[in-house]
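Everything in the sequence shown is counted per the UniProt record's numbering, starting at 1 for the first residue and increasing by one.
For each residue, glycine too, the CB sits at the ideal point set by N, CA and C.
Owing to the predicted nature of the structure, the values given are computational and were not obtained by experimental measurement.
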Amino acid sequence: MWASTHNDTLREKMARVVDILDDCQRKMGTGYLSAYPDEAFDMYEELSEAWSPYYTIHKIMQGLLDQYTLAGNRKGLGMVVWMTDYFSERVKNLIQTHSIQRHWEAMNEETGGLNDVMYQLYTLTKEQKHLTMAHLFDKPCFLGPLSLHDDDIAGLHVNTHIPVLVGAQKRYEVVGDHLYKDIATFFFDVVNSSHTFATGGTSTMEHWHDPKRLVDEIKISSNEETCTTYNLLKVSRNLFRWTKEVKYADHYERLLINGIMGNQRGTQPGVMIYFLPMGPGRSKSISGAPPSGLPPKMPGGWGGPNDTFWCCYGTGIESFSKLGDTIYFLEEGEVPGLYIAQHIPSTFDWKAAGLTVVQQAKPLLSTDSYFEVTISISAKGDAQPAKMSVRIPSWTSTVGATATLNGKKLNLTSAGDFLTLTKLWGDDTLVLQFPINLRTEAIKDDRPEYASIQAVLFGPHLLAGLTHGNKTINATEHSNDGLTPGMWEVDARNGTSMADWIAAVPHEAINSQLVTLTQRSGAQTFVLSVSATDDTLTMDEMPVAGSDACVRATIVVDTYEVDSTAAEHGAAAPVLHGPNVTIAPFDRPGMAITNGFEVRLHPGPEALFNAVPGLDGLPGSVSLELGTRPGCFVTAPGGAKGYGPGDKAQVGCRTSGGGDDAAFRKAASFTQAPPLRLYHPLTFVAKGTERTFVLEPLRSLQDEFYTVYFNLVTAAAAS
Numbered sequence: 001m002w003a004s005t006h007n008d009t010l011r012e013k014m015a016r017v018v019d020i021l022d023d024c025q026r027k028m029g030t031g032y033l034s035a036y037p038d039e040a041f042d043m044y045e046e047l048s049e050a051w052s053p054y055y056t057i058h059k060i061m062q063g064l065l066d067q068y069t070l071a072g073n074r075k076g077l078g079m080v081v082w083m084t085d086y087f088s089e090r091v092k093n094l095i096q097t098h099s100i101q102r103h104w105e106a107m108n109e110e111t112g113g114l115n116d117v118m119y120q121l122y123t124l125t126k127e128q129k130h131l132t133m134a135h136l137f138d139k140p141c142f143l144g145p146l147s148l149h150d151d152d153i154a155g156l157h158v159n160t161h162i163p164v165l166v167g168a169q170k171r172y173e174v175v176g177d178h179l180y181k182d183i184a185t186f187f188f189d190v191v192n193s194s195h196t197f198a199t200g201g202t203s204t205m206e207h208w209h210d211p212k213r214l215v216d217e218i219k220i221s222s223n224e225e226t227c228t229t230y231n232l233l234k235v236s237r238n239l240f241r242w243t244k245e246v247k248y249a250d251h252y253e254r255l256l257i258n259g260i261m262g263n264q265r266g267t268q269p270g271v272m273i274y275f276l277p278m279g280p281g282r283s284k285s286i287s288g289a290p291p292s293g294l295p296p297k298m299p300g301g302w303g304g305p306n307d308t309f310w311c312c313y314g315t316g317i318e319s320f321s322k323l324g325d326t327i328y329f330l331e332e333g334e335v336p337g338l339y340i341a342q343h344i345p346s347t348f349d350w351k352a353a354g355l356t357v358v359q360q361a362k363p364l365l366s367t368d369s370y371f372e373v374t375i376s377i378s379a380k381g382d383a384q385p386a387k388m389s390v391r392i393p394s395w396t397s398t399v400g401a402t403a404t405l406n407g408k409k410l411n412l413t414s415a416g417d418f419l420t421l422t423k424l425w426g427d428d429t430l431v432l433q434f435p436i437n438l439r440t441e442a443i444k445d446d447r448p449e450y451a452s453i454q455a456v457l458f459g460p461h462l463l464a465g466l467t468h469g470n471k472t473i474n475a476t477e478h479s480n481d482g483l484t485p486g487m488w489e490v491d492a493r494n495g496t497s498m499a500d501w502i503a504a505v506p507h508e509a510i511n512s513q514l515v516t517l518t519q520r521s522g523a524q525t526f527v528l529s530v531s532a533t534d535d536t537l538t539m540d541e542m543p544v545a546g547s548d549a550c551v552r553a554t555i556v557v558d559t560y561e562v563d564s565t566a567a568e569h570g571a572a573a574p575v576l577h578g579p580n581v582t583i584a585p586f587d588r589p590g591m592a593i594t595n596g597f598e599v600r601l602h603p604g605p606e607a608l609f610n611a612v613p614g615l616d617g618l619p620g621s622v623s624l625e626l627g628t629r630p631g632c633f634v635t636a637p638g639g640a641k642g643y644g645p646g647d648k649a650q651v652g653c654r655t656s657g658g659g660d661d662a663a664f665r666k667a668a669s670f671t672q673a674p675p676l677r678l679y680h681p682l683t684f685v686a687k688g689t690e691r692t693f694v695l696e697p698l699r700s701l702q703d704e705f706y707t708v709y710f711n712l713v714t715a716a717a718a719s
């Protein structure tokens with residue numbers, strides 16, 4: 001993070017941490033440095049369960065080495081060298097006392113990327129013992145079969161092995177052993193072809209399972225551990241650096257957007273996720289627990305800002321500190337080269353060419369046909385000719401794509417390639433417009449009966465439908481309770497293209513049709529909500545921002561007018577007004593809430609309400625009169641006794657004489673408040689067999705329940 005910002009406060013803090021750790025290491029006097037005693041390594045060497053002590057040693061070493069390589073703190077380098085001396089001696093004694101085989105057996109624990117950090121250390125010290133130590137952690141029972149192109153990785157613990165693979169990549173770079181380049185390339189192809197979700201990520205219950213059997217995996221909510229995503233990004237980044245092949249940059253883009261950017265709860269600091277569920281009716285807030293049962297024990301979902309120290313907290317937070325590390329790549333040569341691999345708004349100081357490169361991306365909307373990128377290049381004094389290569393993503397098409405340099409049209413090659421320009425750059429502007437479309441992608445499962453299970457993407461953005469089973473889910477072991485086919489079935493029976501069953505939502509227009517209705521009961525403020533389990537209207541407590549309850553407490557109004565007196569009354573939102581109003585749940589626009597408080601796809605007159613000024617006479621309040629029953633209104637339950645969370649709304653009618661008491665008028669009056677939930681700029685609506693679906697980027701969701709993979713019901717399947 002400091003390398004990205006050069007923030008003085010960060011520098012002071014990290015230097016202090018290094019000083020304190022240095023003091024600890026010196027007081028212990030052996031080179032050992034860890035938060036737990038070295039008896040943990042005695043257990044490791046005895047093949048007892050020691051819960052991955054080398055994993056954390058790798059993290060400490062890597063952090064200290066980063067302090068040296070990124071921030072110039074020489075103390076960090078000395079500490080890593082001393083730690084390496086200690087652990088090299090331990091490994092040597094283990095091998096001499098027992099055998100090299102005993103060392104390999106002990107490595108069945110999670111050792112992290114110890115080989116990786118040792119290869120990095122060797123590049124700095126050139127000491128043979130550091131190279132030897134690195135190679136001793138190149139796990140042969142994993143890398144050996146891959147070198148023979150054996151693709152059987154089922155049953156392996158994912159985050160034990162991807163860091164080893166990253167270390168193998170470093171061996172290729174440091175030693176030049178092409179076998180390890182081949183291993184990494186083959187590994188990526190195996191994982192990406194048979195074991196990845198539509199996010200580009202992998203793992204279920206922290207392991208790989210049978211290839212192309214992902215339907216079985218999405219029945220479990222412990223999918224896509226954040227650590228595996230963090231490390232898989234390293235794999236694709238390295239492969240791109242070596243080959244300049246767009247497919248690796250494409251994978252990085254997909255995995256970064258869909259597998260990292262939504263793993264922090266909004267902008268809430270220190271609230272990260274361990275697993276990212278991929279199944280139907282799932283929520284990040286209830287996302288499974290590590291299968292080991294070892295610390296840290298957790299019920300699943302989001303961690304706490306001050307008391308959670310999972311491995312996925314470290315990798316999750318680090319991922320957000322290095323968002324800029326894979327945008328630009330330099331190519332050395334007589335003519336300096338720059339590869340722009342990711343289209344992320346950023347500024348790059350291209351020192352070798354004497355240029356400043358500024359990349360901007362036009363904010364994307366679901367209604368857009370193009371993704372537009374503008375790259376501005378300016379010279380800083382005496383510039384020289386330079387080559388710039390800009391990625392054309394595989395998800396786009398060159399049919400309809402445009403590229404202009406200073407207004408002059410350029411020829412594009414093909415999607416999945418680079419646009420390369422060599423010139424003496426001055427003040428130049430390159431504008432690219434990439435066609436962006438919706439598409440479906442089949443789940444990686446080769447059984448014919450699951451060919452209809454598809455994910456929906458908009459360019460690189462994975463969309464998730466807001467869906468919920470008919471039971472309240474509070475724990476991961478109940479994630480499959482209450483699921484019905486209708487909550488993931490998309491109706492494509494009458495369509496020949498996606499446009500026949502899915503459409504973009506103009507979010508700004510429809511956001512103006514959203515409202516939340518509140519009412520006071522005692523000292524509490526309640527919201528009128530649509531029950532997730534039976535579609536009835538209920539009175540619920542004011543929900544926490546980002547929760548699924550916010551979806552339930554936001555309704556869509558199809559005739560929505562602004563009262564000219566609203567501002568005078570201090571109203572915070574436009575006013576529901578007029579006869580023949582229909583209201584719909586946020587997650588099912590186009591489906592109306594009826595007078596019987598049910599949600600129907602094809603409602604009749606029973607779905608009409610008359611929105612009249614609140615019977616309580618207060619400014620900004622509204623009462624909902626049933627269109628089919630004049631004089632009868634939606635009322636809060638309980639009468640004078642009040643009500644509690646979850647109590648169902650009722651229908652109350654005025655007496656035949658037209659009179660009613662104050663309690664009735666209050667119960668039938670609701671305050672209009674700003675909507676607790678808004679539609680995302682990348683929102684779509686899809687037609688289902690039993691309901692409509694709101695689809696939004698998976699990365700944008702917090703506690704909402706969602707479905708990633710849909711069952712596309714076609715005419716052929718229906719017959």
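When the Cα of residue i is compared with those of the options, which residue comes out closest?
| i | options | result |
| --- | --- | --- |
| Arg447 | Lys212, Leu143 and Cys24 | Lys212 |
| Thr202 | Ala553, Ile153 and Trp242 | Ile153 |
| Trp302 | Ser222, Ala353, Ala341 and Phe329 | Ser222 |
| Ala106 | His157, Leu148 and Tyr54 | Tyr54 |
| Asp445 | His209, Asp647, Ser34 and Thr69 | His209 |
| Lys666 | Phe693, Leu676, Leu678 and Gly638 | Gly638 |
| Gly304 | Asp23, Glu332 and Pro269 | Pro269 |
| Gly167 | Ala455, Ala415, Lys648 and Ala184 | Ala184 |
Which residues does DSSP list as the beta-bridge partners of residue i?
| i | result |
| --- | --- |
| Asn223 | Thr204 |
| Ile57 | Partner(s): none; Ile57 has no beta bridge. |
| Asn711 | Ile453 and Glu489 |
| His157 | His207 |
| Gln264 | Met272 |
| Trp350 | Leu355 |
| Ile377 | Val357 and Asp428 |
| Ser621 | Thr671 |
| Met388 | Leu338 and Leu421 |
Exposed or buried, which one is residue i when buried takes at least 16 other CB atoms within 10 Å?
| i | result |
| --- | --- |
| Gly266 | exposed |
| His343 | buried |
| Asn7 | exposed |
| Ile100 | exposed |
| Gly486 | exposed |
| Pro363 | exposed |
| residue 737 | The structure shown does not extend to residue 737, since the chain is modelled only from 1 through 719, so no value can be given for it. |
| His149 | exposed |
| Leu47 | exposed |
| Ser389 | buried |
| Tyr252 | buried |
| Ser193 | exposed |
| Gln96 | exposed |
| Phe320 | exposed |
Which residue marks the beginning of the alpha helix (DSSP H) containing residue i, and which one marks its end?
| i | result |
| --- | --- |
| Tyr248 | Val246 to Gly259 |
| Tyr180 | His178 to Ser194 |
| Glu49 | First-last for Glu49: undefined, no H or E at that position. |
| Leu25 | Sequence inspection shows Gln at residue 25; the Leu mentioned does not correspond to that position. Gln25 -> alpha helix (DSSP H) spans Asp8 to Met28. |
At a cut-off of 7 Å, is residue i close to the ligand FMN when judged by its beta-carbon and the heavy atoms of the ligand?
| i | result |
| --- | --- |
| Glu690 | The ligand FMN is not part of this structure, which contains no ligands at all. |
With the cut-off set at 8 Å, would you say residue i and residue j are in Cβ contact?
| i | j | result |
| --- | --- | --- |
| Val117 | His103 | no |
| Ser512 | Asp703 | no |
| Leu712 | Ala492 | yes |
| Ala553 | Thr516 | yes |
| Ile436 | Ile443 | no |
| Leu239 | Tyr248 | yes |
| Leu466 | Val358 | no |
| Val599 | Val651 | no |
Considering residue i, what are the terminal residues of the beta strand (DSSP E) in which it resides?
| i | result |
| --- | --- |
| Val634 | Cys632 to Thr635 |
| Arg520 | Leu514 to Ser521 |
| Pro140 | Taken as a continuous stretch (DSSP letters only), Pro140 belongs to no beta strand (DSSP E), being part of the alpha helix (DSSP H) at Pro140 to Ser147. |
| His461 | His461 to Leu466 |
| Asn610 | Phe609 to Pro613 |
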